[in-house]
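Asker: Note that the sequence shown covers residues 10 to 218 in my numbering. Ideal Cβ placement from N, Cα and C applies to all residues, glycine included. Computed from a predicted model, the values in this text were never measured in an experiment. Below you will find the structure I want to go over with you.
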Amino acid sequence: MTKLLTTFLIALSTTLIAQEELAKDVLDRLSTTTQSYKNMKVGFDFIIENKTQNINEKQKGILVLQDDMFRLEIEEQIIINDGENQWIYMTDMNEVQIMEHDPEEQLMSPKKLFTIYEEEGYKYSYVGAKSENGKRLQIIDLFPKESGAFMKVILAIDAAKNQLHKITMLDKNGGTYTYLITSFKSNTIVESFNFNTTSYPGIEIIDLR
Numbered sequence: 010m011t012k013l014l015t016t017f018l019i020a021l022s023t024t025l026i027a028q029e030e031l032a033k034d035v036l037d038r039l040s041t042t043t044q045s046y047k048n049m050k051v052g053f054d055f056i057i058e059n060k061t062q063n064i065n066e067k068q069k070g071i072l073v074l075q076d077d078m079f080r081l082e083i084e085e086q087i088i089i090n091d092g093e094n095q096w097i098y099m100t101d102m103n104e105v106q107i108m109e110h111d112p113e114e115q116l117m118s119p120k121k122l123f124t125i126y127e128e129e130g131y132k133y134s135y136v137g138a139k140s141e142n143g144k145r146l147q148i149i150d151l152f153p154k155e156s157g158a159f160m161k162v163i164l165a166i167d168a169a170k171n172q173l174h175k176i177t178m179l180d181k182n183g184g185t186y187t188y189l190i191t192s193f194k195s196n197t198i199v200e201s202f203n204f205n206t207t208s209y210p211g212i213e214i215i216d217l218r
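What follows is the structure in structure tokens.
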């Protein structure tokens with residue numbers, strides 16, 4: 010019985026090591042591809058689900074990333090960050106809040122979200138591959154090393170392009186937050202990462218800097 014248990018534990022350990030090494034290989038290739046881009050323009054669906062609370066919502070968004078700068082447009086909001094300042098514009102109120110960029114407070118900024126696999130605070134495991142709408146997706150689970158807002162993050166990576174296809178985050182209350190990439194462009198022409206208040210007549214400006 011002891012020998013059987015020892016053999017099982019060795020086999021399990023070997024499998025886990027192999028899954029971790031395979032996951033690292035996939036993530037390394039994803040990182041290399043992503044870092045080769047000067048910029049990215051991503052169209053996505055943001056889906057929030059919680060069956061126990063009867064929540065099922067979907068929003069569409071557009072995200073532009075370049076270096077430490079980003080422009081995010083989603084659900085009557087425009088958020089622009091030039092690496093020094095951040096503007097949050099509420100379209101329904103014609104109001105913009107301006108604040109200094111604080112890297113320490115950017116816990117889940119768009120850049121960190123789309124490069125979450127590079128964070129040191131996660132363990133990873135290769136789950137397997139599956140086909141979805143003609144794409145071969147490689148699935149990798151990320152587990153936070155320390156307790157936090159999310160229990161697990163699931164990455165679905167387009168194996169042919171070494172690009173993220175879907176990010177799903179699971180919280181402790183049964184909620185799931187999914188970013189499904191619907192369009193992708195890289196090394197494209199992007200507008201300035203700056204919010205021009207003169208383009209919005211009558212805008213209320215709240216400067217918190």
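Grab the span of the alpha helix (DSSP H) containing leucine 122 for me, first residue to last.
Answerer: Its alpha helix (DSSP H) spans residues 119-123.
Asker: Give the DSSP bridge partners of lysine 224, in chain order.
Answerer: Given a span of 10 to 218 for the chain in the structure shown, any question on residue 224 remains unanswerable.
Asker: Given that a residue counts as buried once 16 or more other Cβ atoms are within 10 Å of its Cβ, and exposed if not, what is phenylalanine 204?
Answerer: buried
Asker: Looking only at its chain, what residues have a beta carbon closer than 6 Å to the beta carbon of glutamine 68, apart from the 5 residues adjacent to it on each side?
Answerer: Exclusion of the five residues before and after glutamine 68 leaves Phe55, Ile83 and Glu84 as the residues of its chain whose Cβ lies within less than 6 Å of its Cβ.
Asker: Do you know how far the Cα of glycine 184 is from the Cα of threonine 61?
Answerer: 9 Å
Asker: I think threonine 187 touches lysine 50, with their Cβ atoms under 8 Å apart; what is that distance to the nearest whole Å?
Answerer: At roughly 20 Å, the Cβ-Cβ gap does not stay under 8 Å, so threonine 187 and lysine 50 are not in contact.
Asker: Methionine 102: buried (16+ other C-beta within 10 angstroms of its C-beta) or exposed?
Answerer: exposed
Asker: Spell out a yes or no on whether the stretch 92-109 and the stretch 128-148 are touching, meaning 3 or more CB-CB pairs, one atom from each, closer than 8 Å.
Answerer: no
Asker: Helix, strand or coil for arginine 38, going by three-state DSSP, please let me know.
Answerer: helix
Asker: Looking only at its own chain, which residues have a Cβ that is under 8 Å from the Cβ of phenylalanine 193, when we skip the five neighbours before and after it?
Answerer: Met49, Lys50, Val51, Gly52 and Gln172
Asker: Taking the alpha-carbon positions, what's the leucine 13 to serine 40 distance?
Answerer: Model confidence at leucine 13 stands at a pLDDT of 47, short of 50, so the residue's coordinates are unreliable; what they give is reported in the following sentence. The straight-line gap from Cα to Cα measures roughly 40 Å.
Asker: Can you grab the Cα-Cα spacing for the pair phenylalanine 152 / leucine 31, in whole Å?
Answerer: 16 Å
Asker: Who does asparagine 90 pair with in a DSSP beta bridge?
Answerer: Partner(s): Phe79 and Gln95.
Asker: Taking DSSP as the reference, what is the three-state secondary structure of glutamine 106?
Answerer: DSSP places glutamine 106 in strand when its eight states are reduced to three.
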